[in-house]
Structures are given as structure tokens and as C-alpha cells.
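These protein sequences, in sequence, are chains Z and A.
Counted the way my numbering counts, the first sequence spans residues 182 to 311.
Counted the way my numbering counts, the second sequence spans residues 182 to 311.
Built from N, CA and C at the ideal position, the CB exists for glycine as well.
Predicted model, so just to flag it, every value in this text is computed and none were measured.
Number of protein chains: 2
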Amino acid sequence: MSDDRGQPHQHPVDPERVARARERLPSRDDAASVSSVLTLISDPTRSRVLYALDVAEELCVGDLALALEVNEDAVGYALRVLRTAGLVANRREGRVVYYRLAPDFPEPLLDSCLWRLVALTRSPSPDDGP
Amino acid sequence: MSDDRGQPHQHPVDPERVARARERLPSRDDAASVSSVLTLISDPTRSRVLYALDVAEELCVGDLALALEVNEDAVGYALRVLRTAGLVANRREGRVVYYRLAPDFPEPLLDSCLWRLVALTRSPSPDDGP
DNA sequence: CGCATACCCGGACGGACGTACGGACAACGA
DNA sequence: TCGTTGTCCGTACGTCCGTCCGGGTATGCG
């Protein structure tokens, strides 16, 4: 009984609640999926790219950097990550590459997460009807 | 002029869309706030702590570690971060400390983000495999 | 009064993430 | 054809974050 540090006590204080939490809790895999998608949009540059694409519908890389007022490297990296995850799609016209939200972009992620959160963190008034 | 790398082109390809994005885009501060709260819940341990507290209403640290099947150190650190951010509240009874979601915990964050996302990433199986 | 429990704290370590930089490619204009 | 523009790629570096491990405090029990 020396390095029991990791293992918690084996006499649950409230076994009933523990059992209920265990059975209604998302699985580890589901939680990992949620975490990965939340990590994707938790970067300021990436989230602002998504905001901009949602507003403007379609933008090329240079204009995106211009709209966000960041350098093209940051936008390029953000787009690469989002593209790898399948959240944005690109269309090429000449030497210009236009980006837009992916056709199957999860709407709840945009509406219920990003836009709602920006309203939430801005005016924390609880009586703000939906 | 060698390090123009950072600055994007000064002739926008589509000035109209750039202007529209610029004016309807969340400010940098708002985006930073959203990012910070998303970062908070984008960690698997922290998000599962929130799930568990939402389901069980109230749990002590040891039971929390038991329910999540992680060691107490991880739970302790997650709780410290969440407590610092004001997302969870604690109540002390003897030597046991019970945690619950903060009274002013933003409901949309739980319902519209966490629970909706876990349903989203599970059902439509947008498998990003090969 | 002494020991075990439940939890917290602070420092050290390892890994992941985002940025900066050089180079490369294709496309357009002259 | 030649130089310029728009974008992508790979690498190296600095930084932040989560975990591990020591110790510390307070409560409850015998």
C-alpha cells in the first residue's frame, strides 16, 4: 500500500451515484471524439476562420488572412488542420484556392456551439431568450 | 522588402466578401473568450468530469475518479482547472469534498455543446477513415 | 494521542501544439 | 520565355499543458 496514489479508494462514498454516472456517461471513445472536435475549434485562428467562412461563404487564403488580420502562415496552418479533419473544402481556380465550409459540416457545431458561445461569453444575461 | 511573408496581398480578390466578413466577425476578444472556454472543455478528463457531475449531481473526488476510471491526480488537476474557471463548486463535509456544477454554469455549454456533440459524433458516423 | 484517510499543493519531466523560415510548384502577365 | 504571384510543404524552435511524484494539512477513528 505504498503507491496507491493512482488508484482511488475502493469504498465509494456514494455507490449509487457512482453507478448512475458510470452507466449514463459517454464512453471513452465518444468523449475522445468530442474532445478532438472541440480541440479543433478551440484555437482562436481556426475558430475565426470558421466564423469568416460562415459569413462570407467562400474566401481564398489571402483574403482570409486579410479579413482576420493575421499572417498567411497562420491561416495556412489553420486551413491545413481543418482540411485534414474534413471541416473545410477547397476549390481551385487558376492559382487561387478558395475555401468554404465542408458540405457536411455539422451545423450544430456552428450554430449551437460557436455562435451561441460568442453571444454567451459576451452578454452573460441569463434571461436571454433563444 | 524580404519578410513580406507575414503580410498578405494588399489587393483582395473579393473585397466585398472580405468587408462583410470583417464587420460580422466576432472581435478578437470575443473569439479569445470562446476559445478559452472551449479549451476548458476540450480535455477528455475535464469534459467527462462535467458529464459525470451533470448526471450524478454531486460527487466527491474519490468517487469521481472511480466513476471515470482515472487516477485521483488527473481528477484533482481537472477539478482545479474547472474550479479556477468557476465552472464547478465544491462543498466540504468532514474530510470529504463534494463537487457539483457551478450554480451559474452556462446551460447551453452543457446541452447544446457537450451532449449534442456526443450524439453528433456517434450517430452519423462521419468516419474520416481512409 | 497516534495513525490512517481524503484531499490539496508545488516542482519537474515529457510530449504535443503553433509559429517562423526556407524552399518548391503551378499559373498568369508581359 | 522570364519574372512575379498565390499557395503548399517540410523542418526547427519555443512554449504551453497534463502527468507524475514528493510532501503537506486537516479530519475521523481507535
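Proximity of the segment 206-217 of chain Z to the segment 282-290 of chain A falls short of the contact definition, fewer than three beta-carbon pairs being nearer than 8 Å. Residues of the segment 283-296 of chain A with a Cβ closer than 8 Å to any Cβ of chain Z, in chain order: Asp285, Pro287, Pro289, Leu290, Ser293, Cys294, Leu295. Residue range 297-303 is occupied by the alpha helix (DSSP H) that includes Arg297 of chain A. Here DSSP, grouped into helix, strand and coil, assigns Leu206 of chain A to coil. Residue state for Val251 of chain Z is assigned as coil, using DSSP reduced to three classes.
Between the alpha carbons of Trp296 of chain A and Arg203 of chain Z lies a distance of about 16 Å. Ala270 of chain A is bridged by DSSP to A:Arg281. Neighbourhood of Ala213 of chain A in chain Z, by CB distance below 7 Å: Pro225, in chain order. Per DSSP, the unbroken alpha helix (DSSP H) holding Val236 of chain A starts and ends at 225-237. Distance from Ser223 of chain A to Thr220 of chain Z at the Cβ level is roughly 4 Å; contact confirmed, criterion being Cβ atoms closer than 8 Å. In this structure, the beta-carbon distance from Gly267 of chain A to Ala255 of chain A does not fall below 8 Å. Going by beta carbons, Leu263 of chain Z and Val218 of chain Z fall outside the 8 Å limit. Nearest C-alpha to Val269 of chain A among A:Val215, A:Glu238, A:Arg303, A:Gly243: A:Glu238.
By the Cβ rule, the segment 239-246 of chain Z counts as touching the segment 273-282 of chain Z, because three or more pairs are nearer than 8 Å. For Glu197 of chain Z, the closest C-alpha among the options A:Ala233, A:Leu206, A:Ser228 is that of A:Ala233.
With respect to chain Z, the C-beta atom of Arg203 of chain A has a partner C-beta closer than 8 Å. The C-beta of Ala266 of chain A comes no closer than 8 Å to any C-beta of chain Z. For the 8 Å CB-CB criterion, Ala248 of chain Z and Val199 of chain A form a contact. The beta carbons of Ser216 of chain Z and Ser228 of chain A sit closer together than 8 Å. Annotation: Asp235 of chain Z to His192 of chain A spans about 22 Å, alpha carbon to alpha carbon. The beta carbon of Asn252 of chain A sits closer than 8 Å to those of Ala246, all from its chain and outside the five residues before and after it, given in chain order. Look at Arg198 of chain A: its C-beta is under 8 Å from a C-beta on chain Z.
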